[in-house]
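Protein chains in written order, with the working numbering: chain A, 255 to 606; chain B, 1420 to 1688.
From the three backbone atoms N, C-alpha and C, an ideal C-beta is built for every residue, glycine too.
These notes concern the structure reproduced below.
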Ligand SMILES: Nc1ncnc2c1ncn2[C@@H]1O[C@H](COP(=O)(O)OP(=O)(O)OP(=O)(O)O)[C@@H](O)[C@H]1O
Ligand SMILES: [Mg+2]
């Protein structure tokens, strides 16, 4: 049986749906990320699981039991808030001990578990320090330890790393993943950072305007985005207008002066998205688009091109294999494999 | 640290002088050897301080004032905690109206309040009692207590309480272990401000105080109606001295700035 099941979960504020019939199944021990732009309903979803926001409709089952019937204080979930929400009048150790105290864990076991957990997040030395005298990263660890020490059934993380600088964030990502693997707690992470979601998660839930766009493994969602929105949100992509017509019983998409056989069902005007690193330069071919190099930037391990084409500016990334590459102003032809295209109805350009 | 221009500096100096000068003058006059209000010129004397001992009603009035101020501000702070939490957190209908109602004693002239309370207390049999005084003082100090408690309640991050709840804390445990400690600075400064307001009040109190429940300011007010001598200045000097000692002690054990500015011990550095 599935561990956590969200079914038709909906939250309306007035007539605006912050979360719109969200379905999600999470297995025990899984690390799932809710990913989406600001205001898409990630926090609201998390708060409904935590019990601080009441769903308008839908159900949440944890281990087969109706979670909505349980008070927030009895749900046994560990939460790390974006602002950390540490108790400022308690030391790190007291913060971590709070949950155990509430559970009535005896003093000896309590201090044992507190020091274990502080050691787990690498803060053993700072047990007696107050949060205001800690760095953002250290406070973040205390918040994590405080949530983990009660052995929560699920760990809910609301943008826990967004207040940290880029370098620290990367370190904490690795650490977070390691800790989660060690403890094995089922984890739901809210983030708007696609790199973070891909680096950490077993599966990603891409959300847009309260709805789920795609649920899948990071690699799968990146390679096979379900919509132009997902393609645009997960990594960079080029969005090109195309016209689909039937030739000899097969669908063919015309893009600029080139045409590609279509892998998917479509007709009429569509938009096609292609990732910059999937585009290659070629001398002459059917499946290719003419253009001129506008800018070329060398970035060490790869080249970053902006190409003027009949379909607008196209970004191309080529590995630096030590070969000669087209210079600025050169006429080039761009090609990509049909299966590298994501096709969606026209008007839906994955930009955000 | 702060860079003030010469003009601003002059202004601040004048301003502070203007505020402090009367206090200074009172303290100086208290040491006069003469029988009338004058600045001592050739010698100083403790004559008027010794004179306080001949008027035990000043001492009694002082203690009346202290107990009255302590009780009324404590009760006002007690009431303002639930009121402030409700106003800060919930968006209920009539919230604005309720806030206005709570703050309205600020708008009513104390003379009016004095006459109203005199009439009302006589009617319900509380006329001239200490209980009546406390009740009336609760009304006038409540806005001050509420303002400061409210500002600390509004400034509190709800997520901190949510964190406590998610860790299994009951409503009561959340309040006692998290909410209360976090708004404590607001409570303390609200209490201190309310205390000062009550201790200072004369316009209203003069109407409702009976001979046994007269407060210090009222006693002094009544005294100078009959006698113009430096006794009131020596009493004032004593009150000022007590206040200064009190503030110094408070600063040592708590940090005055934190108390008055209302910054929680928990604020980030
Ligand atoms: N209490 C509320 N009252 C009214 N509208 C709300 C409330 N809380 C959230 N919303 C709306 O619901 C939508 C989703 O909000 P939510 O906080 O879940 O977004 P989010 O995905 O977490 O965004 P962010 O990345 O900015 O944190 C937003 O449009 C927001 O304006
Ligand atoms: Mg959010």
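query, result
"Rounded separation between residue 548 of chain A and residue 598 of chain A - CA only", "28 Å"
"Neighbour flag for residue 1574 of chain B against chain A, beta carbons, 8 Å", "no"
"Contact set for residue 340 of chain A: own chain, Cβ-Cβ below 7 Å, skip 5 residues either direction", "349, 385, 393, 396 and 397"
"Beta-carbon proximity list for residue 568 of chain A, same chain, < 6 Å, skipping 5 on both sides", "492 and 561"
"Cβ of residue 347 of chain A within 8 Å of any chain B Cβ", "no"
"Any beta strand (DSSP E) of 3 or more consecutive residues that is wholly inside the segment 396–453 of chain A", "408–412 and 440–445"
"CB contact below 8 Å: residue 1605 of chain B versus chain A", "no"
"Inter-residue CB distance, residue 475 of chain A and residue 527 of chain A (contact presumed, cutoff 8 Å)", "Not quite, the Cβ-Cβ distance comes to about 13 Å (not below 8 Å), so this is no contact."
"Contacting positions in the segment 1579–1595 of chain B - beta carbon closer than 9 Å to chain A", "1579, 1580, 1581, 1582, 1583, 1584, 1585, 1586, 1587, 1588, 1589, 1590, 1592 and 1593"
"CB contact below 8 Å: residue 326 of chain A versus chain B", "yes"
"Neighbour flag for residue 520 of chain A against chain B, beta carbons, 8 Å", "no"
"Neighbourhood of residue 430 of chain A by C-beta, 7 Å cutoff - its chain only, sequence neighbours within 5 removed", "454"
"Simplified DSSP assignment, three categories, for residue 604 of chain A", "Per-residue confidence for residue 604 of chain A stands at a pLDDT of 42, beneath the threshold of 50, marking its modelled position as unreliable; the derived number appears in the next sentence. If DSSP states are grouped into helix, strand and coil, residue 604 of chain A belongs with coil."
"Distance CB(residue 1626 of chain B)-CB(residue 1537 of chain B) smaller than 8 Å", "yes"
"Reduced DSSP category for residue 590 of chain A - H, G, I as helix; E, B as strand; rest coil", "coil"
"Contact shell at 7 Å, judged by CB to any heavy atom of ligand 2, ordered along the chain", "A:296, A:297, A:336, A:412, A:413 and A:444"
"Proximal residues, the segment 282–309 of chain A versus chain B, C-beta separation under 7 Å", "304 and 306"
"Segment contact flag, the segment 1612–1623 of chain B with the segment 1465–1475 of chain B, C-beta cutoff 8 Å, min 3 pairs", "no"
"Beta-carbon neighbours of residue 1633 of chain B, restricted to chain A and to distances below 9 Å", "Simply none; closest approach about 42 Å."
"Contacting positions in the segment 340–372 of chain A - beta carbon closer than 8 Å to chain B", "340, 341, 342, 343, 352, 353, 356 and 357"
"Residues near residue 600 of chain A in its chain [Cβ-Cβ closer than 8 Å; skip 5 each side]", "495, 522, 523, 524 and 525"
"Member of B:1646, B:1497 and B:1548 whose CA lies at the smallest distance from the CA of residue 1560 of chain B", "B:1497"
"Minimum Cβ-Cβ distance from residue 558 of chain A to chain B less than 8 Å", "no"
"Partners in chain B for residue 337 of chain A, counting only beta-carbon separations shorter than 7 Å", "1576 and 1578"
"Which listed residue (A:472, A:534, A:502 and A:329) has its alpha carbon closest to that of residue 404 of chain A", "A:329"
"First and last residue of the uninterrupted beta strand (DSSP E) at residue 275 of chain A", "270–280"
"Residue 1509 of chain B in three-state terms, based on DSSP", "coil"
"Cβ-Cβ separation, residue 502 of chain A to residue 294 of chain A (assumed contact under 8 Å), whole Å", "Their Cβ separation, rounded to whole angstroms, is 42 Å, which puts residue 294 of chain A and residue 502 of chain A out of contact at 8 Å."
"Simplified DSSP assignment, three categories, for residue 384 of chain A", "coil"
"DSSP three-state assignment for residue 538 of chain A, whether helix, strand or coil", "coil"
"Closer than 8 Å to chain B by CB, residue 488 of chain A", "no"
"Residue 1681 of chain B to residue 1568 of chain B span [Cα, whole Å]", "Low per-residue confidence applies at residue 1681 of chain B: pLDDT is 47, beneath 50, and the placement is therefore not dependable, though the value from the model is reported in the following sentence. Whole-angstrom Cα-Cα distance: 9 Å."
"N- and C-terminal bounds of the beta strand (DSSP E) containing residue 1461 of chain B", "First-last for residue 1461 of chain B: undefined, no H or E at that position."
"DSSP-derived helix/strand/coil call for residue 1456 of chain B", "coil"
"Beta-carbon proximity list for residue 1635 of chain B, same chain, < 6 Å, skipping 5 on both sides", "1480, 1481 and 1484"
"CB contact below 8 Å: residue 1562 of chain B versus chain A", "no"
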